[in-house]
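Worksheet for the structure shown next.
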Amino acid sequence: MNSYDLSALLIVILPILSFTVLGLFGNRFSNRTSGLIGCASLVTTAILALYVAAGYFFDFGLVNGEHVKHIALQFQWLKFTDSLSIDLGIVLDPISVMMLLVITIVSSMVHIYSLGYMKGEDYFERYYAYLSLFSFSMLGLVVAVNIFQMYIFWELVGVSSFLLIGFYFTKPSAIAAAKKAFIVTRFADLGFLIGILMLSYNTKSLDFFTIIDRLTQVGSPYLANFTATSFMGMSALSWALLLVFMGGAGKSAMFPLHIWLPDAMEGPTPVSALIHAATMVVAGVFLVARLFPVFAISAPDALLIIAYIGAFTALFAAVIACTQTDIKRVLAYSTISQIAYMMFALGVAGWGEGKMEGFTASMFHLFTHAFFKALLFLGAGAVIHAVHTNEMEGMGGLRKSLPITHFTFLIACLAIAGVPPFAGFFSKEAILSSALQTQPLIFYVGLFTSGLTAFYMFRLYFRIFWYNPVPEHSHNHETHTWAMNIPLIILGVGAAFAGLIPFGSFVSADGKALELPFHLTFSIAPVAVGLIGIGIAYLLYGKKNEIPDKIASAVSGFYQAAYHKFYIDEIYLFITKKVLFNLVGRPAAWFDRTVVNGLFINGSAETAVATSNAIKPMQSGRLQSYTMFFLGGVLLLAALLIIKFM
Amino acid sequence: MEQVPLSHILILSSTLFFLGVYGFFSRRNLITMLMSVELILNSVNINFIAFNKYLFPHQLEGIFFTMFIIVVAAAEVSISIAIIINLYRRFKTIDIEDTTTMKY
Amino acid sequence: MSASTIIFYILATLVVVFGALTVFSRKIFRAAISLLLSLTFIAGIYFLWNVDFIGALQIIIYVGGIVVLIIFSIFLTHHSGQSLPKAKTGKKLLSGIMAVAGLGFTTWVVSQYVFKPAPGVVPVEPSVHNIGIQMLSYSDYGYVFPFEVINILLLAALVGAIVIAIKKSQDTEE
Amino acid sequence: MDILSLLLVLPVITALAILIVKKDQAVRWIALSGSIIQFALAIGITAYYVSLRQAGATGNMLLESSYEWFAPLQIYFSTAVDGISLVMILMTAMVVVAGILVSWRITKQVKEFFFLIVLLSLSAYGFFTSTNLFVMFFFLELAVIPKYLLIGVWGSGRKEYSAMKLALMLMFGSALVFIGILGLFYFTGAQTWDFQEIAKMHIPIETQRILYVLLFTGFGVFTAMFPFHTWAPDGHSSAPTAASMFLAGISMKLGGYGCLRVATYLLPDAAVELSWIFIIAASIAIIYGAFATMMQKDLKYMNAYSSVSHCGFVILGIAMLTKVAVTGAVMQMVSHGIMTALFFASIGMIYDRAHTRQVDELGGMLKQVPFIGSAFIISGLCSLGLPGFSGFVSEMTVFVGSWERTGVFYRVATILACASIVVTAVYILRAVGFAIWGTVTNKEYLKFKDASWSERSAAVLLIIGILLIGLAPFLLTNLIDIDTTSIAQRFIAVVGK
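Protein chains in written order, with the working numbering: chain A, 14 to 659; chain B, 282 to 385; chain C, 2 to 175; chain D, 156 to 652.
Okay, structure coming up:
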């Protein structure tokens, strides 16, 4: 085991160590100590991740100019049969190393930031324990060698998200949000699980790379077998992959499984930054990327469905984002929209020369998005920390009192709006160009969404920092400590310059370096759309005025629908509360109490009692009736005997 | 000596027996039921003596059994009367229809 | 038809008639007297058959003991002159059917069966002498053991009757 | 004396000692030390067994011994163990220790209570070790009476009704079992009760069909198989904490073990032919139990229905007849045994303090009694199959194993079973959200003290068990691998692989 493998192992192990220490002995430590333990372990992993990434991209991962996968560790954890087993291990390949970087950096930033943000909260050590648990699970997820390993960590990620959303466990809304997040993703995971079962049964393996091999090689008997059966016009393989994607859609909040993400903002804001913006929610994208060869080569129909779902979600979420007034919810819908971007980028990609740009673009966007979205959330957290509200009503004109926050927030907004040369410009550019090549319709949707994105982000920006005049004597001075400012600055640097990385030469679908196309003429349109969006936002929200309300009332029907998130939540509530609870749960409980218990069990008991009541009078206590029975019996027997033997 | 046919004697005793049975079933008074039992016992006694006399004149077994039955009947009656009196004290009646506590 | 035969039939008729009165009479005292008479006539049949000892026992124990006991108990538990309540018709009918069926069945069986006396045996005189010797004999066919058992039974009955009938102090308080 | 008999003698000695001493405190300590020694002994036997296997011991069961009991009827007191019975014994020993610790604060008729608890554990040990069907049945019956008394005397709520219902339904089940084993004794021509002997017989299929249904249903009643599960909710809800733990943790496993060891193993042909009946029953139990759980308001009812649902996995795994599924069923038995014991223990601790188990009356437990609240959450997370805990590995093993049966029918059953994990999440999170999280609803709750030392050690012990299986499932699977292989071999012709 060389030093790279060891570092990779340490990256995964350190967070769980700190979780164990904090979880078991956290209540004996002071808040400061527990916070430092958490930060120290995560910062160490970030440094190790940089080391491993450097090693992988430039040293050991590079074989003949191609990035090949490298198994750093693998051992059998649970054996089902000779061919099926759950292996735990660490695989290093372009996407997993990239994810390691993203996760460790964002996570360590969030850890540091939380030192300031969560100062003085109850259960401080528990918060850090949960954060460590989450980091561990997420890291374990991305380095998974085995599809079941991914499922395991997938669930762990879900539960740590549940615990963190429900961190303020005395708040009913937080409880409800935590439950909702877990249950919706669990429902999606059901699809994932069945997908895994189908894949594993048909390929006789649970190993990612074996599955990919067996399902992509031309003439593979497994592939032939798998695609032989079809259902509703799609092969069993496509169905299996779509089921797997369902799991991904749940985690990545794709329509219609997106409903949990906005509510998840009930958690502490740093948590939203880490889990619900940068890392966990992209797990679905990562899952599809991990199985990308299978999708692209053997089930392009499934991939196309993913592309359309992604495109729709991107637009849908962006529209809702324009109407929300809770700044974290705006960010949440923006996250959904951006992840959908990544998703449809994967969807429009294919296998073969010139078709794989979408893959790289998607991963690139994932990478840059992590920086600017985490930054946006942390910035929003700083704002909330200062004004103690999530609603836009209480904000405005904060640019003087929160200078650092203002500046970094602006960078992030420019990045997400796709203004060159900030990070988002490059990745979005790549996505749109690859969409234009294969699915023009999706390209136009993406373009329009891009404009919307610029609009609602700058609506947010102006609404927070401008809109109202700067108050003369504000008590909202930036009271944040270095702990909150340093992460903002570091992420700001990332958001500004991450796009300049030649991403294609590191991450591509087949490991070969790929030059992302860059056409000046092409990028005019997206940039222009973005600038128009910003301009409209400035007109409407740069200063306090009446225009937004007028516009809203002009299209009030549509506005209301969007404001109410197109009533998706209500539909879900109807299905769960009314249909499942009232039409399934309640009848099941009633059936059990009344029919099974009442009719069968108590019924048989009552039959026994009734029978005994019916024959009880024979035991009347009357001597004469007893003797009468006796005599009757004697006579009968005597008669029988005599007749028999005469 | 010309004898009464055995079957006539048996018919006598069974008549007596079933009279007793009828009395035992239909009477509601414990003492009258006891009397019916006496009738039944006596019909048996007649049978014993008759069989001894007609069929096995060289033995005395029938006579012995009759004697024992008489003695047992005496014992039985004394106990029964004791029970009846006790019952009467408790229920103030010896009507069998009213003393049905030993049921179910 | 010899005189003894005629006497037997007369006695038999009387036994049955008084037996029936015992069972049917609704005055309990009359029933007891009928029983007494019925038992006496049975003793008469015994005398007719020359089993004097049994006849004597019948009179001494039944007539002199048991029936007297019954009459005492009637005095203890009944007001004189009171007639017994009527039995329920259904019950009467049922017991009547039972009794008649039983009687018919037995009579039929008796009439079907041919009784054969033990052939060529020397009869034994059922005199007190013979009975006494066999009663206390402890050789084969001796009855000394049952005799002792009966003694104990009687003793037990005596004690038992006292124990049952004795008035307990708490009973009087009730 | 051989080591396995010691396993049965020790509880007897403990029980007698409990009867002799006078002081309540002494009774508690005797019961606790007896059960701890028993636990150590069980671990020792397992280690010995493993060493024997590593030394190359073959044979289905090891450590065999046999004493004459009633020879004319071929009843021998024969004991032997294999991996499956060992894990059940280990699980039993663990739950017994925890159960005794949890009941530390019982004050009503202490001596009788602990005596019955030890008696109940004895019956479980006897059941899991005996190889003679008659003796097995004897212990199965022996287990019913203490349960009846524990619920009837120390219970709460409608305890008489529940106790009677439980006893009658279990007796009904054991009547079916008895008919079944009599059938095995007479109709197989074996004239023996030894199931290893019977396993070698070739039993005609007509006989097998009848006996299989009888035996599986009979044991199924013990496992709370639909529609014979209704004793479970009432029984659990009325039972005192330790009795609930034993009932769900141990006694329901007697049934599962019987279904596997007796019904399925001895009658393979009928199992292949008729297991669909029980697959249907299991699927119904799983999904319908889960939905019924969702509607429960009483925590104990909730856990009882969820036990019905979880034990459905056991039945499903056994009825699917593949090696992986059977392995999963065994794992699920162990896992559910420990997990549900923890669940009931934490519910009991809450009930002891709040005197209510209604979800909507509770609240804020995590704030007031953090240890108990955490134990509840852990058992809940285990119940909904969170990786790292035992529930996950066992359920997944059942799923993977069930998926190996091809055919639409089996697939649908498996998918239904999988779907239950979502419903499980719903009800577990509801309970956690309302009862454990949230704000304190009742001023009384502010006075609560967190778990005492005995409650703490019970919970920690069980959590260690859950984590051990969850993190290192290979320990368990390696132990039972050889046995599940030999069981699965009997179906190999049909199921394939």
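Yeah, the Cβ is synthetic: ideal placement off N, Cα and C, and Gly gets one too.
Inset, instruction - Report buried or exposed for D:Y582, applying the criterion of at least 16 other Cβ atoms within 10 angstroms of its Cβ. - result: With 16 or more neighbouring CB atoms inside 10 Å of its own CB, D:Y582 falls in the buried class.
Legend entry - Ranges of the alpha helix (DSSP H) found wholly within the segment 307-378 of chain A, counting only runs of at least 4: Here the runs fully enclosed are 313-334 and 340-361.
Legend entry - C-beta neighbour in chain F for A:A652, strict 9 angstroms: As a matter of chain content, chain F is missing from the structure shown, whose protein chains are A, B, C and D.
Legend entry - Burial state of A:V361, where buried means 16 or more other Cβ atoms lie within 10 Å: buried
Legend entry - Option in A:K92, A:F299, A:P561 and A:L650 with minimal Cα separation from A:V520: A:F299
Legend entry - 9 angstroms Cβ cutoff, A:G646 in contact with chain B: For A:G646, the answer is no, since every Cβ of chain B falls outside 9 angstroms of its Cβ.
Inset, instruction - Leaving aside the five residues before and after D:L174 along the sequence, list all residues of the same chain whose C-beta is less than 8 angstroms from its C-beta, in chain order. - result: K266 and F270
Legend entry - Cβ neighbour criterion (16 or more within 10 Å) applied to C:E175: Reliability fails at C:E175, whose pLDDT of 43 lies under 50, so the model's placement of it is uncertain and the value that follows must be treated cautiously. The residue is exposed, with fewer than 16 neighbouring Cβ atoms inside 10 Å.
Inset, instruction - Determine the DSSP secondary structure at D:Q513, reduced to helix, strand or coil. - result: strand
Inset, instruction - Report yes or no: is there a C-beta of chain A within less than 9 angstroms of the C-beta of C:S112? - result: no
Legend entry - A:N610, buried or exposed, once every other Cβ within 10 Å from all chains shown has been counted against 16: buried
Inset, instruction - Could you tell me which chain A residues have their CB closer than 8 angstroms to the CB of C:F106, listed as they occur along the chain? - result: L648, A651 and A652
Legend entry - Limits of the unbroken alpha helix (DSSP H) element including A:D72: No alpha helix (DSSP H) contains A:D72, which DSSP labels as neither H nor E.
Inset, instruction - State the DSSP-derived secondary structure class of A:V104, mapped to helix, strand or coil. - result: A:V104 falls in the strand class under three-state DSSP.
Inset, instruction - Use the C-beta contact count for A:Y136: other C-beta atoms within 10 angstroms, 16 or more gives buried, fewer gives exposed. - result: Answer is buried; the Cβ neighbour count reaches 16.
Inset, instruction - Check each residue of the segment 614-640 of chain A: if its Cβ is closer than 8 angstroms to any Cβ of chain B, include it; give the result in chain order. - result: Hits within the stretch, in order: K629, Q632, S633, G634, R635, L636, Q637 and T640.
Inset, instruction - Note down the Cα distance separating A:Y554 from A:I424, rounded to an integer number of angstroms. - result: 18 angstroms
Legend entry - Distance between D:M450 and D:A606 (C-alpha atoms, nearest Å): 29 angstroms
Legend entry - Within chain A, the residues that D:I576 reaches when beta carbons sit closer than 9 angstroms: Per Cβ cutoff of 9 angstroms: R199, D202, L203 and L206.
Legend entry - Whole-angstrom distance between A:Y346 and A:I333, CA atom to CA atom: 7 angstroms
Inset, instruction - Kindly provide the ranges of any alpha helix (DSSP H) runs that are 4 or more residues long and lie completely inside the segment 126-181 of chain A, ordered along the chain. - result: 137-155 and 160-178
Legend entry - Cβ-based contacts, 9 angstroms cut-off: residues of the segment 593-616 of chain D near chain A: G593, T594 and V595
Legend entry - Residue-level contact to chain A via CB, D:K314, 9 angstroms cutoff: no
Inset, instruction - Give the DSSP-derived three-state secondary structure of C:D126 in the structure shown. - result: First, the amino acid is wrong: residue 126 of chain C is Glu here, not Asp. Three-state result, C:E126: coil.
Legend entry - 9 angstroms Cβ cutoff, B:F306 in contact with chain A: yes
Inset, instruction - Output the distance between the C-alpha atoms of C:I151 and B:F332, rounded to the nearest integer angstrom. - result: 23 angstroms
Inset, instruction - Spatial neighbours of A:T117 within its chain, please: CB distance less than 6 angstroms, with the 5 preceding and 5 following residues excluded, ordered by chain position. - result: T58, A59 and A62
Inset, instruction - Compare the C-beta of D:K652 with all C-beta atoms of chain A and state if any pair is closer than 9 angstroms. - result: In this prediction, D:K652 scores a pLDDT of 44, lower than 50, which makes its location untrustworthy; the coordinate-derived value is nonetheless stated afterwards. By this cut-off, D:K652 is an interface position.
Inset, instruction - Out of A:G263, A:T282, A:M131 and A:I318, state which residue places its alpha-carbon closest to the alpha-carbon of A:A296. - result: A:G263
Legend entry - Cβ-based neighbour list, A:P482, same chain, cut-off 7 angstroms, excluding 5 preceding and 5 following: G410
Legend entry - Reference D:K522; option with closest CA among D:F547, D:K604, D:L536 and D:G546: D:K604
Legend entry - Secondary structure of D:I358, DSSP reduced to three states: coil
Inset, instruction - Step through the CB atoms of chain A and report whether any lies within less than 9 angstroms of the CB of B:E378. - result: yes
Legend entry - Segment contact flag, the segment 89-107 of chain C with the segment 291-305 of chain B, C-beta cutoff 8 angstroms, min 3 pairs: yes
Legend entry - B:M316 versus C:V52, C:A21 and C:L49, residue with shortest Cα-Cα distance: Nearest to B:M316 by alpha-carbon distance, out of C:V52, C:A21 and C:L49, is C:A21.
Legend entry - Any C-beta of chain A under 9 angstroms from that of B:V302: yes
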